[in-house]
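Just so you know, numbering that gives the first Met the number 0 puts 73 at position 74 of the sequence shown, and the rest follows in order with no gaps. Worksheet for the structure shown next.
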Amino acid sequence: MATAAIAGSEAVRSPNGAGRQRAQKQKLSRERVEKAAVALAVAEGFGALSIRNVAKVLGVAPMALYTHVKNKDEMAEHVADALLGGIDVRTLGALTWQDRIRTLLRSHRDLIVKHPEITPYVAAASGAPGPGAQRFNHSVSSVLTQAGFEQAAAQELYFTLLTFNYGSAVTLPAGSSDSASLLKYNEGMSTILAAYEDKMARPALGIVDSMRERLRLGRR
Numbered sequence: 000m001a002t003a004a005i006a007g008s009e010a011v012r013s014p015n016g017a018g019r020q021r022a023q024k025q026k027l028s029r030e031r032v033e034k035a036a037v038a039l040a041v042a043e044g045f046g047a048l049s050i051r052n053v054a055k056v057l058g059v060a061p062m063a064l065y066t067h068v069k070n071k072d073e074m075a076e077h078v079a080d081a082l083l084g085g086i087d088v089r090t091l092g093a094l095t096w097q098d099r100i101r102t103l104l105r106s107h108r109d110l111i112v113k114h115p116e117i118t119p120y121v122a123a124a125s126g127a128p129g130p131g132a133q134r135f136n137h138s139v140s141s142v143l144t145q146a147g148f149e150q151a152a153a154q155e156l157y158f159t160l161l162t163f164n165y166g167s168a169v170t171l172p173a174g175s176s177d178s179a180s181l182l183k184y185n186e187g188m189s190t191i192l193a194a195y196e197d198k199m200a201r202p203a204l205g206i207v208d209s210m211r212e213r214l215r216l217g218r219r
């Protein structure tokens with residue numbers, strides 16, 4: 000099982016089992032607990048997260064974890080934030096602003112489709128975002144403001160897109176291929192982006208996007 004493999008990678012060499020457990024307890028930290036929780040979620044799914052399972056990965060008694068995390072929810076919040084922060088935002092520069100938004104929001108949707116149990120934790124992050132959520136939020140906000148949206152319009156569009164993402168993911172039939180729903184998702188995304196284009200502050204358009212727009216409209 001994946002849990003056993005993760006636990007094996009966490010093992011600490013010692014002369015006997017009791018000595019190993021003592022060594023692990025001494026070295027146990029919040030960082031180790033959170034890293035083990037993230038590894039477990041990636042290997043077995045977000046639904047496998049529990050104090051008992053993470054303790055098993057670390058080779059310690061479940062009670063030992065409560066020194067470093069309050070409860071399962073706090074641990075799950077960190078894992079959700081870490082997974083959200085893992086969305087790759089480094090390869091967006093050469094795309095139009097619409098395609099940059101599609102890329103970011105599609106990755107966000109893929110995450111909650113893969114780990115449906117993550118949804119309430121990711122949704123709650125809007126109130127007190129962790130570093131991963133902050134990174135993702137900043138990436139989306141930067142694309143929208145650079146495209147020419149005023150801050151209020153950018154925020155409104157962002158929350159509209161997030162709501163659309165959650166709705167698209169949670170209504171996906173279990174075990175489906177996702178191809179038909181993905182087609183509808185792409186159509187819906189295009190409709191939303193087109194509906195908000197009239198809220199753009201045209202003079203603030205980036206140079207590259209402005210040139211593309213002029214070419215698209217046949218202007219010079």
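Each residue gets a CB set at the ideal place from its N, CA and C atoms; glycine is no exception.
Mind checking which residues open and close the alpha helix (DSSP H) that includes residue i?
{"i": "Asn-70", "result": "Per DSSP, Asn-70 belongs to no alpha helix (DSSP H) and is neither H nor E."}
{"i": "Ala-179", "result": "178-195"}
{"i": "Gly-58", "result": "Looking at the DSSP string, Gly-58 is not in any alpha helix (DSSP H), and its letter there is neither H nor E."}
{"i": "Gly-44", "result": "That residue, Gly-44, is in no alpha helix (DSSP H); it is neither H nor E in DSSP."}
{"i": "Ser-106", "result": "96-113"}
{"i": "Glu-116", "result": "Unbroken run through Glu-116: none, as it is neither H nor E."}
{"i": "Gly-129", "result": "Here Gly-129 belongs to no alpha helix (DSSP H), and DSSP marks it neither H nor E."}
Which term fits residue i, buried or exposed, when burial requires 16 or more other beta carbons within 10 angstroms of its beta carbon?
{"i": "Val-169", "result": "exposed"}
{"i": "Asp-87", "result": "exposed"}
{"i": "Phe-158", "result": "exposed"}
{"i": "Ser-138", "result": "buried"}
{"i": "Asp-72", "result": "exposed"}
Among the options, whose alpha-carbon lies nearest the alpha-carbon of residue i?
{"i": "Asn-70", "options": "Ser-49, Leu-104, Tyr-165", "result": "Ser-49"}
{"i": "Leu-143", "options": "Gly-166, Glu-196, Glu-116", "result": "Glu-196"}
{"i": "Arg-29", "options": "Val-78, Asn-136, Val-41", "result": "Val-78"}
{"i": "Met-74", "options": "Leu-192, Ala-40, His-137, Asn-136", "result": "Ala-40"}
Under 8 Å between the Cβ atoms of residue i and residue j?
{"i": "Val-37", "j": "His-67", "result": "no"}
{"i": "Asn-164", "j": "His-114", "result": "no"}
{"i": "Leu-110", "j": "Leu-64", "result": "no"}
{"i": "Lys-198", "j": "Ala-132", "result": "no"}
{"i": "Ala-54", "j": "Ala-47", "result": "no"}
{"i": "Leu-171", "j": "Val-121", "result": "no"}
Note down the Cα distance separating residue i from residue j, rounded to an integer number of angstroms.
{"i": "Leu-104", "j": "Thr-95", "result": "14 Å"}
{"i": "Pro-130", "j": "Ser-180", "result": "31 Å"}
{"i": "Gly-187", "j": "Gln-97", "result": "13 Å"}
{"i": "Lys-26", "j": "Arg-134", "result": "30 Å"}
{"i": "Leu-182", "j": "Phe-45", "result": "26 Å"}
{"i": "Gly-147", "j": "Tyr-184", "result": "24 Å"}
{"i": "Glu-76", "j": "Ala-194", "result": "33 Å"}
{"i": "Ser-141", "j": "Gln-150", "result": "10 Å"}
{"i": "Ile-191", "j": "Pro-128", "result": "25 Å"}
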